[in-house]
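Right, one structure below, let's go through it.
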Amino acid sequence: MLKLKNINLTFNRGTINEFHALQDINLTIEEGSFVVILGTNGSGKSTLLNTIAGTHNIDKGTIELDKINITKLPEHKRATYIGRVFQNPFSGTAPDMSIAENIAMAAKRGFSRGLAKALRTSAINQYQQKVANLNMNLEDRLDTAIGKLSGGQRQALTLLMATWNKPKILLLDEHTAALDPKTANIVIKLTEKIIRENQITTLMVTHSMQQAVNLGNRIIMMDHGKIVFDKSGEEKKQLKVNDLLNLFDELRRKEQIDQSVSELLQKQYI
Amino acid sequence: MGLLIGSITIGLLLSFLALGVFISFRIYNIADITAEGSLTFGAAVTGTLLIAGTNPILATMAAFAAGFLAGTITGIIHTKFKINSLLAGILVMTALYSINLHVMGKSNLPLMDVKTIITNFENIGIAIFGNSSLIDILGWEVALKDLYVLILSLTLITIIALALFHFFKTEYGTAMRATGNNPQMIRALGVSTETMIIVGIGISNGFIALSGSLLAQYQGFVDVQMGIGMVVWGLASVIIGEALISKFSLGYLIAGAIMGAVLFRLLVAIALRWGINPNDLKLITALFVFIALVLPKIIKKFKTPKYA
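Those protein sequences? They're chains A and B, same order as listed.
In case it helps, the numbering used here puts the first sequence at residues 19 to 288.
In case it helps, the numbering used here puts the second sequence at residues 4 to 311.
Here it is as structure tokens:
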């Protein structure tokens, strides 16, 4: 169970570009749940994921994972519990190293790394089997440098690597946004399958309403660094793409009102 | 012939420098200028220990440790204090200049009269192959002991290069390579990239200090200026090596760096023989590295089709 308490994060504090990216976020994520996070650009969804992963140091609040306080743990130590797939397909793999070497490194997530040979011949069979399950015809190309593969293939491998050792929590940051629709669909199906088979607690940020409706058992919408909508269970199941679009419209209208009101005030008082 | 053997031997001893630069420049993408200080540091430590009567093997190993220490300091300044890697290297290099003078006590240490690892090499050769002092190779007379030093230097670099290759294939070593290749990815897999950079730059400078130590023992003196220009020298070796093998897998790159170091030393020897002014050597080396770095980009520019 992941517990975020009163999380606050400000970028560029004390400068003209100060930006309150997360404001008093309180969120509890039950074990085994699959949470989809929606929101406009700059609403803080990716920031929220990066905060959980430890990329950003928060100003205030605590993060607990299975009752362990991980607020102060650096990114690489949190990686013991957390698997990640990034939006950019180039981010999750080492391009100049082979598929097998990349997997071998992922298989060591959460374990100490010593002077044993990274690529053991006995493990290759297992690698081949798991890679074959991706249906990307990569199982006979384990020696190929990952940089030579397509974005979709790299993203599928990153997903496999992130879940190689079952993480306590899986963070997917718009991991299909940079792919063409067909490949995105394949990667999403794969994501669903891996999460279901391994029962992984997941947080997925997405821009696709369709994905948000079809996937997961809880939906969260963010706006201006706050959680503005949170539905799970039956309520989540009833949601249609149109409902979500209406919600977005509502948010936009509110924003316009904010702007027009401030303009009005400016005219009158300044 | 004696000149040829001497050049190859120096090339082999400088291939430790090439390996060190290969680690910082190619594995980590860091142009680490600490090398100019740590090369001298290694030589100074070995030289001082030898004069104090230390066993040459121990004195040589101490050079590696000294270089490793210097490198880790650069790594710590770069990662923990978030200072640009080039500046971190410059700081440590500058500090090492004073430290080297302190270690040596003066700016030049002659090592002619002390037992060095090179005299060890000669003795081992004499013990194995017998004791004739001159040999005839293709009509040239060669001092056998020079040949022994060459063979044992080659053996040493081969063993250490193999060890380095296997190290980079271990769990720890692959994490190091990934740190240079994609730090975000390896951090997400639970590796502290800061530690990897500190240890990696340490190992890199350990090799470079080892190179300085061996070179000083071969030449028979330590000079406080001997490190100047050595980063560019190492870069030239690595680049020549890459051109020689034109294959980018780890084993080939390591072998290439060694071959590059030897070939570059030979080219320098030929150039000097040819009558080039020794004072121009560093200028020419710098120009060579500049051209080697720029040429691939220019070729690429001409090769990419232009759209109207």
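Think of the CB as a built atom: it goes at the ideal place given N, C-alpha and C, for glycine as much as any other residue.
Since we're looking at a predicted model, the values are computed, not measured.
What is the DSSP secondary structure of residue i, counted as helix, strand or coil?
{"i": "residue 208 of chain B", "result": "helix"}
{"i": "residue 89 of chain A", "result": "coil"}
{"i": "residue 166 of chain A", "result": "helix"}
{"i": "residue 5 of chain B", "result": "helix"}
{"i": "residue 223 of chain A", "result": "strand"}
{"i": "residue 52 of chain A", "result": "strand"}
{"i": "residue 190 of chain B", "result": "helix"}
{"i": "residue 244 of chain B", "result": "helix"}
{"i": "residue 199 of chain B", "result": "helix"}
{"i": "residue 110 of chain A", "result": "coil"}
{"i": "residue 240 of chain A", "result": "strand"}
{"i": "residue 311 of chain B", "result": "At residue 311 of chain B, the pLDDT of 46 sits below 50, so the modelled position is not reliable; the number obtained from the coordinates is stated separately. The answer is coil: DSSP assigns residue 311 of chain B none of H, G, I, E or B."}
{"i": "residue 105 of chain B", "result": "helix"}
{"i": "residue 45 of chain B", "result": "helix"}
{"i": "residue 249 of chain A", "result": "strand"}
{"i": "residue 161 of chain A", "result": "coil"}
{"i": "residue 12 of chain B", "result": "helix"}
{"i": "residue 122 of chain A", "result": "helix"}
{"i": "residue 236 of chain B", "result": "helix"}
{"i": "residue 80 of chain A", "result": "strand"}
At a Cβ threshold of 8 Å, is residue i touching chain E?
{"i": "residue 109 of chain A", "result": "The chain labelled as chain E is not found among the protein chains of the depicted structure, namely A and B."}
For residue i and residue j, what's the separation of their Cα atoms in angstroms?
{"i": "residue 144 of chain B", "j": "residue 51 of chain B", "result": "35 Å"}
{"i": "residue 65 of chain B", "j": "residue 210 of chain B", "result": "11 Å"}
{"i": "residue 162 of chain B", "j": "residue 98 of chain B", "result": "33 Å"}
{"i": "residue 120 of chain A", "j": "residue 158 of chain A", "result": "15 Å"}
{"i": "residue 271 of chain B", "j": "residue 93 of chain B", "result": "27 Å"}
{"i": "residue 220 of chain A", "j": "residue 52 of chain A", "result": "5 Å"}
{"i": "residue 26 of chain A", "j": "residue 89 of chain A", "result": "12 Å"}
{"i": "residue 162 of chain A", "j": "residue 254 of chain B", "result": "16 Å"}
{"i": "residue 288 of chain B", "j": "residue 194 of chain A", "result": "48 Å"}
{"i": "residue 43 of chain B", "j": "residue 103 of chain B", "result": "7 Å"}
{"i": "residue 3 of chain B", "j": "residue 265 of chain B", "result": "One cannot answer for residue 3 of chain B here, as it falls past the ends of chain B, which runs 4 to 311."}
{"i": "residue 174 of chain B", "j": "residue 122 of chain A", "result": "8 Å"}
{"i": "residue 215 of chain B", "j": "residue 39 of chain B", "result": "10 Å"}
{"i": "residue 12 of chain B", "j": "residue 156 of chain B", "result": "7 Å"}
{"i": "residue 178 of chain A", "j": "residue 125 of chain A", "result": "10 Å"}
{"i": "residue 210 of chain A", "j": "residue 79 of chain B", "result": "42 Å"}
{"i": "residue 169 of chain B", "j": "residue 108 of chain A", "result": "27 Å"}
{"i": "residue 47 of chain B", "j": "residue 106 of chain A", "result": "48 Å"}
{"i": "residue 292 of chain B", "j": "residue 72 of chain A", "result": "41 Å"}
{"i": "residue 124 of chain B", "j": "residue 150 of chain B", "result": "10 Å"}
{"i": "residue 277 of chain A", "j": "residue 218 of chain A", "result": "42 Å"}
{"i": "residue 154 of chain B", "j": "residue 45 of chain B", "result": "23 Å"}
{"i": "residue 160 of chain B", "j": "residue 117 of chain A", "result": "30 Å"}
{"i": "residue 76 of chain B", "j": "residue 85 of chain B", "result": "13 Å"}
Taking the beta carbon of residue i as the centre, do at least 16 other beta carbons fall within 10 Å, making it buried, or is it exposed?
{"i": "residue 83 of chain B", "result": "exposed"}
{"i": "residue 259 of chain A", "result": "exposed"}
{"i": "residue 54 of chain A", "result": "buried"}
{"i": "residue 35 of chain A", "result": "exposed"}
{"i": "residue 128 of chain B", "result": "buried"}
{"i": "residue 245 of chain B", "result": "buried"}
{"i": "residue 132 of chain A", "result": "exposed"}
{"i": "residue 46 of chain A", "result": "exposed"}
{"i": "residue 35 of chain B", "result": "buried"}
{"i": "residue 280 of chain A", "result": "exposed"}
{"i": "residue 115 of chain B", "result": "exposed"}
{"i": "residue 297 of chain B", "result": "exposed"}
{"i": "residue 276 of chain B", "result": "exposed"}
{"i": "residue 201 of chain A", "result": "buried"}
{"i": "residue 180 of chain B", "result": "buried"}
{"i": "residue 113 of chain B", "result": "exposed"}
Review point. Three or more C-beta pairs closer than 8 Å, one from the region 257-273 of chain A and one from the region 223-238 of chain B: is that the case here?
Key: no
Practice item. Return the residues of the region 84-107 of chain A that lie within a Cβ-Cβ distance of less than 7 Å from chain B, sorted by chain order. Key: 93, 94, 97, 98, 102
Check your understanding: Taking Cβ-Cβ distances below 7 Å as the criterion, which residues of the region 148-171 of chain A are in contact with chain B?
Key -> none
Review point. Quick one, which residues of the region 129-141 of chain A are near chain B if we go by CB-CB under 9 Å, in chain order?
Key: 129, 130, 131, 132, 133, 134, 135, 136, 137
Review point. Any residues in the region 190-215 of chain B with a beta carbon nearer than 7 Å to a beta carbon of chain A? Which ones, in chain order?
Key: 190, 191, 192, 193, 194, 195
Practice item. Pair every Cβ in the region 94-102 of chain A with every Cβ in the region 122-137 of chain B, then say whether three or more of these pairs are closer than 8 Å. Key: no
**Study point:** Contact list for the region 177-188 of chain A against chain B, Cβ threshold 7 Å
**Key:** none
Exercise for review: Check whether the region 72-81 of chain A touches the region 227-246 of chain A, counting contact only when three or more Cβ pairs, one atom from each stretch, lie closer than 8 Å.
Suggested key: no
Practice item. Could you say if the region 37-49 of chain A and the region 200-213 of chain A meet the contact criterion of at least three C-beta pairs nearer than 8 Å? Key: no
**Study point:** contact_flag[the region 201-209 of chain B, the region 48-62 of chain B] where n(CB pairs < 8 Å) is 3 or more
**Key:** no
Check your understanding: Is the region 182-200 of chain B touching the region 4-16 of chain B, taking contact as three or more C-beta pairs under 8 Å?
Key -> no
Point to revise | Contact between the region 17-30 of chain B and the region 280-296 of chain B (3+ Cβ pairs under 8 Å) | key: no
Practice item. Taking only beta carbons into account, state which residues of the region 213-237 of chain A come closer than 8 Å to chain B, listed in chain order. Key: none
Review point. Using Cβ-Cβ distances below 9 Å, what residues of the region 193-211 of chain A are close to chain B?
Key: none
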